[in-house]
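Here is the structure we will look at.
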Amino acid sequence: MEFGQTITISALGSQFLVGLSRAMILFIVSSGMSFVLGVLRVPNVAHGSLYMIGAFSAFSISTLFGGGSTGFWLALILAPFVVALVSLIAERTLFCHLYEREHLMLLLFTFALMLILGDLVKMVWGADYRSIMAPELLRGSVSVFDSPFPRYNLFLLIVGPLVGIGLWFFSNKTKIGKIARAAAVDREMVGAIGINVSWVFAFAFVLGCFLAGLGGALVSPMVSITIGMDHDIIIEAFLIVTIGGLGNMWGALVGSLIFGLTQSFGVLFWPQFAIVFPYIAVVIVLTWRPKGLLKSVW
Amino acid sequence: MFRDIFNLKSVGPLAVVFIILLFLPPIIPRFYIYILAVIFVTALVAMSLNMVVGHGGLFQFHHGAFYGVGAYTVALMLTKTSLPTWVGFVAGPIIAALVGLLIGAFCVRLTKLYFGMLQISLGSLIWAIAFRWYSLTGGDDGIHGITMPSIISSSKGAYYFTLIVLAICLIVMYMIFKSPFGATLQAIRDNPERCEAIGINVRRHQLIAIVIATFFAGIAGVLFVVVEGSVFPDLLFWVLSLEIFIMCLLGGWFTFAGPILGAAIMISLRTFVGIHTEYWTLILGIILILLIFFLPEGVWGYILEKFGRQAREVVEGGSD
């Protein structure tokens with residue numbers, strides 16, 4: 001390994017942007033998980049499965065509309081709603097009856113949901129690899145730091161902050177968002193002033209899952225869509241929300257940046273062991289700050 | 001002391017099951033012998049996890065890492081060195097316990113979910129190393145065709161070996177469970193603040209519990225290699241750890257023997273439902289949901305609650 005020869009400023013720069021755009025996907029997915037975790041206090045193990053359903057539905061919707069630009073944009077808009085619908089059904093029929101139970105039981109439920117959704121995806125879409133094309137506008141690459149940078153990644157760099165702003169606006173400026181934040185801090189009090197806490201939970205759960213679906217739809221043109229894509233994202237999202245501070249949305253953003261950047265720089269420095277860098281970062285952060293970087297809502 | 005702990009009431013049923021299992025191999029097909037051996041191995045790792053989860057109240061989310069470390073240690077020592085087999089068998093649990101000590105020392109500073117998450121990332125580090133270090137661990141292929149001494153290389157030999165090791169481990173675990181240390185651990189689970197207040201070193205007790213549990217997980221890892229003759233990185237992946245965790249909840253994590261039942265249910269489901277349909281995880285998921293709704297104490301917990309008194313009376317009546 002000769003560092004000086006292979007790593008130039010432009011390589012660093014473009015790798016920085018790649019890491020940043022990866023972080024945007026991670027942020028969208030993990031902010032959804034963080035939202036559920038903050039309000040329901042349950043790590044949703046099925047979050048990755050919903051992300052996978054998001055990607056597969058994006059594939060189906062885009063194929064249904066001919067696979068062109070319209071197909072892609074429609075898929076991007078509709079796929080998260082498909083996921084939200086799935087999660088709403090699961091929440092209202094089963095999950096909502098369990099809120100009074102032991103916490104580990106809720107965890108067990110989301111695990112069961114992961115098993116069921118994983119097999120349902122296999123039934124509906126099969127075990128083949130799928131892919132979608134990004135629309136004309138977002139194909140190819142532009143030159144950044146004298147090296148080619150995919151336009152789609154640039155698109156992600158715009159969408160990520162938009163989602164972040166949207167979430168901030170929602171949870172700080174709208175009534176239901178404020179109620180959800182209040183429920184995260186003290187659910188008994190929220191119930192005592194006459195708000196139906198069960199519906200607040202349902203709403204938070206569905207919104208979190210919607211974000212998982214959005215992440216899946218956004219990532220679909222970049223990866224091959226397949227069974228098993230849920231396993232990688234779920235553990236990353238878990239670790240991100242933990243190092244950021246449980247239930248803290250900005251924590252999810254910081255965690256995603258740490259994860260995405262260590263991943264992409266790791267590829268540059270030591271490709272064979274690139275996957276260990278984010279884990280090392282998590283260990284360092286949690287050893288240094290056992291409760292995560294930002295304030296947890298718990 | 002021995003008689004206080006091992007009375008007929010508490011271990012009678014298990015002893016009966018053990019004796020039945022001893023006489024099973026000549027009369028059942030080879031495939032079932034293999035499946036039972038897999039159940040013994042999995043039961044041991046689930047039991048070891050329950051020492052920290054059920055009795056210690058710790059969120060040990062990546063227990064599979066220690067199981068895998070035990071298995072990889074044996075596999076590497078048997079394939080890469082010319083040391084005698086028993087050295088590998090002893091080294092497996094010891095290395096697993098050392099890794100447990102190291103990871104545990106980091107983790108006990110944290111509580112609940114943070115504890116679990118830190119453990120997942122530390123365990124994933126081990127997974128990533130085993131997954132990527134092709135020259136040593138064979139990467140995602142793993143290590144196959146590990147030869148065992150002739151006495152335990154047949155399926156019957158492996159069966160008896162795993163059964164006897166499991167039985168010994170269960171006796172030791174039960175003694176720990178009933179010892180003052182076990183009682184302290186359960187007290188810490190129920191109320192860590194109060195234990196701290198009366199002068200118990202909570203973190204040290206938790207760390208010791210983790211080391212003991214990971215030692216047993218290492219033994220289970222050794223047994224895995226005995227039964228399967230191979231290792232692969234999935235042993236260290238967090239999905240397996242979660243499965244082991246689920247076995248504890250499924251069987252009944254506040255009971256002593258529950259995880260054995262959980263492991264048996266899980267392995268049987270995978271094997272026998274898996275023969276008929278490729279969608280066995282769907283069935284498993286549905287069964288889990290039914291359990292959550294109808295048997296929240298776990299299967300064994302439910303049995304104890306429902307039939308506990310009658311069963312005890314029968315045993316007592318029989319012993320007169």
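Protein sequences, first through last, are from chains A and B. Quick note on my numbering: the first sequence kicks off at 1 and runs consecutively. Quick note on my numbering: the second sequence kicks off at 1 and runs consecutively. Think of the CB as a built atom: it goes at the ideal place given N, C-alpha and C, for glycine as much as any other residue.
Spatial distance of residue i from residue j (CA atoms)
| i | j | result |
| --- | --- | --- |
| residue 194 of chain A | residue 179 of chain A | 11 Å |
| residue 134 of chain B | residue 88 of chain B | 21 Å |
| residue 248 of chain B | residue 210 of chain B | 16 Å |
| residue 16 of chain B | residue 23 of chain B | 11 Å |
| residue 5 of chain A | residue 277 of chain A | At residue 5 of chain A the pLDDT is 47, less than 50, meaning the model places this residue with poor confidence; the figure from the coordinates comes in the next sentence. Roughly 22 Å separates the two Cα atoms. |
| residue 256 of chain B | residue 11 of chain A | 57 Å |
| residue 141 of chain A | residue 15 of chain A | 14 Å |
| residue 160 of chain A | residue 170 of chain A | 15 Å |
| residue 222 of chain A | residue 275 of chain B | 36 Å |
| residue 30 of chain A | residue 57 of chain A | 20 Å |
| residue 202 of chain A | residue 36 of chain A | 10 Å |
| residue 144 of chain B | residue 151 of chain B | 19 Å |
| residue 258 of chain B | residue 265 of chain B | 11 Å |
| residue 269 of chain B | residue 175 of chain A | 47 Å |
| residue 50 of chain B | residue 63 of chain B | 10 Å |
| residue 157 of chain B | residue 152 of chain A | 58 Å |
| residue 191 of chain B | residue 25 of chain B | 46 Å |
| residue 234 of chain A | residue 118 of chain A | 13 Å |
| residue 148 of chain B | residue 161 of chain B | 12 Å |
| residue 319 of chain B | residue 27 of chain B | Its pLDDT being 34, under 50, residue 319 of chain B is placed unreliably in this model, and the coordinates cannot settle the point. |
| residue 155 of chain B | residue 105 of chain A | 37 Å |
| residue 224 of chain A | residue 238 of chain B | 23 Å |
| residue 243 of chain B | residue 19 of chain A | 32 Å |
| residue 111 of chain B | residue 262 of chain B | 26 Å |
| residue 174 of chain B | residue 305 of chain B | 20 Å |
| residue 199 of chain A | residue 178 of chain B | 45 Å |
| residue 89 of chain A | residue 197 of chain A | 18 Å |
| residue 159 of chain B | residue 17 of chain A | 55 Å |
Selected residue, minimal CA-CA separation from residue i, among the options
| i | options | result |
| --- | --- | --- |
| residue 142 of chain B | B:282, B:230, B:172 | B:230 |
| residue 9 of chain A | A:284, A:155, A:147 | A:147 |
| residue 124 of chain A | A:266, A:289, A:226, A:75 | A:226 |
| residue 45 of chain A | A:57, A:110, A:93, A:58 | A:110 |
| residue 163 of chain B | B:121, B:102, B:21 | B:21 |
| residue 253 of chain A | A:48, A:96, A:228, A:294 | A:294 |
| residue 262 of chain A | A:105, A:285, A:144 | A:285 |
| residue 28 of chain A | A:69, A:257, A:274 | A:257 |
| residue 149 of chain A | A:164, A:279, A:280, A:21 | A:21 |
| residue 41 of chain B | B:267, B:272, B:58 | B:267 |
| residue 235 of chain B | B:45, B:35, B:30, B:176 | B:45 |
| residue 103 of chain B | B:35, B:117, B:92, B:243 | B:117 |
| residue 278 of chain B | A:272, A:157, A:127 | A:127 |
| residue 38 of chain B | B:271, B:303, B:48, B:18 | B:271 |
| residue 102 of chain A | B:307, B:136, B:295, B:305 | B:295 |
| residue 138 of chain B | B:79, B:67, B:183 | B:79 |
| residue 32 of chain A | A:260, A:270, A:251, A:289 | A:251 |
| residue 25 of chain A | A:268, A:219, A:230, A:248 | A:219 |
| residue 94 of chain B | B:212, B:199, B:132 | B:212 |
| residue 67 of chain B | B:216, B:101, B:302 | B:216 |
| residue 18 of chain B | B:260, B:287, B:273 | B:260 |
Rounded distance between the beta-carbons of residue j and residue i, thought under 8 Å
| i | j | result |
| --- | --- | --- |
| residue 216 of chain A | residue 99 of chain A | In fact, because the Cβ distance is near 26 Å, the residues do not count as touching under 8 Å. |
| residue 12 of chain B | residue 188 of chain B | About 30 Å separates the two Cβ atoms, so there is no contact after all. |
| residue 126 of chain B | residue 112 of chain A | With 8 Å as the limit, residue 126 of chain B and residue 112 of chain A do not qualify as a contact, their Cβ atoms being about 27 Å apart. |
| residue 43 of chain A | residue 250 of chain B | The Cβ separation is near 19 Å, so there is no contact. |
| residue 206 of chain B | residue 99 of chain B | That pair is no contact at about 16 Å. |
| residue 192 of chain A | residue 39 of chain A | Not a contact, Cβ separation roughly 17 Å. |
| residue 128 of chain B | residue 221 of chain B | About 18 Å separates the two Cβ atoms, so there is no contact after all. |
DSSP state of residue i mapped onto helix, strand, coil
| i | result |
| --- | --- |
| residue 225 of chain A | strand |
| residue 130 of chain A | strand |
| residue 296 of chain A | coil |
| residue 84 of chain B | coil |
| residue 29 of chain B | coil |
| residue 149 of chain A | strand |
| residue 143 of chain B | strand |
| residue 142 of chain A | strand |
| residue 108 of chain B | coil |
| residue 272 of chain A | helix |
| residue 82 of chain A | helix |
| residue 45 of chain A | coil |
Point to revise | Contact between the stretch 195-213 of chain B and the stretch 69-84 of chain B (3+ Cβ pairs under 8 Å) | key: No, because fewer than three Cβ pairs between the stretch 195-213 of chain B and the stretch 69-84 of chain B fall closer than 8 Å, the two stretches do not touch.
Review point. Touching or not, the stretch 71-82 of chain A and the stretch 239-255 of chain A, by the rule of three or more beta carbon pairs under 8 Å?
Key: They do not touch, by the three-pair rule.
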